[in-house]
Structures are given as structure tokens and as C-alpha cells.
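Notes to accompany the following structure.
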Amino acid sequence: NVGSGSAYKGYAPSSSIMYHVNRLNRQNVWSYTGFAYVSGASASNNYKVSAPYTIVTSRNKYSGEESSGRVKVFVNVSGFSPRPITLKKNDKGIWKAYECSSMFVNVPPPASTKKKDEL
17 NVGSGSAYKG YAPSSSIMYH VNRLNRQNVW SYTGFAYVSG ASASNNYKVS
67 APYTIVTSRN KYSGEESSGR VKVFVNVSGF SPRPITLKKN DKGIWKAYEC
117 SSMFVNVPPP ASTKKKDEL
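By this note's numbering, the letter at position 60 of the sequence shown is numbered 76, and the numbering carries on one by one without gaps.
Take a look at the structure:
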């Protein structure tokens, strides 16, 4: 659980990533934000997803070349333009998110949480 300080093999996220994680926790939106990136989920269906889970990505002419060890991909998100993530290839050949702050921008709340007008 990243929010509680647990991290994979002791590798904690950077302070800039933790800033966004903590902000989402404070705003009580962490529970559904990630689902907005799964194909088929939307605020109107309360971000319900079902297997197989699909995340749609794309690249453009400015994304860079894989041979450089750094590329930018765009992740589709329900109701918004695709959000960029910069990936870097490590010395083991594994691509890791290097810059992904756009992934932590709020998404609309699920329909079930919207307050109803009493009048």
C-alpha cells in the first residue's frame, strides 16, 4: 500500500509522486481514480470494470524512439484527452514510469456519489 508507506522491495516512489498520492487520499478520490484508465469505465457507470482489463495507450510523432531509452506514451482516460507518461528503460531492460504526474489529475466522481437536489 503506497499510501501507508509500503513499497515494492523497499523502493519507495519519489516525493513528487507521493505528493499526488497523498493529495488523492486527502480528497477521498483514490478509490476510483485508477479505474478511469480502464477501458469501459466511466463516471456514469461508477467506474465499474470487468475482466479482461484493458488500458489503451498511444504514441505520436513526438513520443521518441525506443532505441533512445526514453519514450512518451499517452493513456486514454474516461472523459478526457489521453494523459502522457514518460517511460525510461533501466539497465535490466525494464520500462519504468519516469514522469507521470498527469495520471494523478482528478477525474469526475462516480455518479453514485453526486449529491441529489432535494427540491
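Virtual Cβ for every residue (Gly too), placed ideally from N, Cα, C.
For residue j and residue i, believed in contact at Cβ under 8 Å, the rounded distance
i, j, result
"V93", "Y53", "6 Å"
Segment limits, alpha helix (DSSP H) that includes residue i
i, result
"I33", "S31 to R42"
"T49", "W46 to T49"
Neighbourhood of residue i by C-beta distance below 7 Å, restricted to the same chain and skipping five residues each side
i, result
"K105", "G85 and W111"
"P98", "S74, F90, V91 and N92"
"D107", "none"
Contact check, residue i vs residue j, beta carbons under 7 Å
i, j, result
"V37", "F51", "no"
"E82", "T102", "no"
"V72", "S47", "no"
"G79", "V87", "Note on identity: in this sequence residue 79 is Ser, with Gly being the wrong assignment. Yes, the pair counts as a contact, with Cβ atoms nearer than the cut-off."
"S117", "P100", "no"
Residues near residue i in its chain [Cβ-Cβ closer than 8 Å; skip 5 each side]
i, result
"R39", "F120"
"V45", "N122, V123 and P125"
"T49", "L40, F120, N122 and V123"
Range covered by the beta strand (DSSP E) that runs through residue i
i, result
"R86", "R86 to V93"
"A28", "Here A28 belongs to no beta strand (DSSP E), and DSSP marks it neither H nor E."
"P143", "The displayed coordinates of the chain run from 17 to 135. Any statement about residue 143 would go beyond what the structure contains."
Residues near residue i in its chain [Cβ-Cβ closer than 6 Å; skip 5 each side]
i, result
"Y69", "V54"
Check whether the region 118 to 134 and the region 45 to 61 are in contact - that is, three or more C-beta pairs closer than 8 Å. yes
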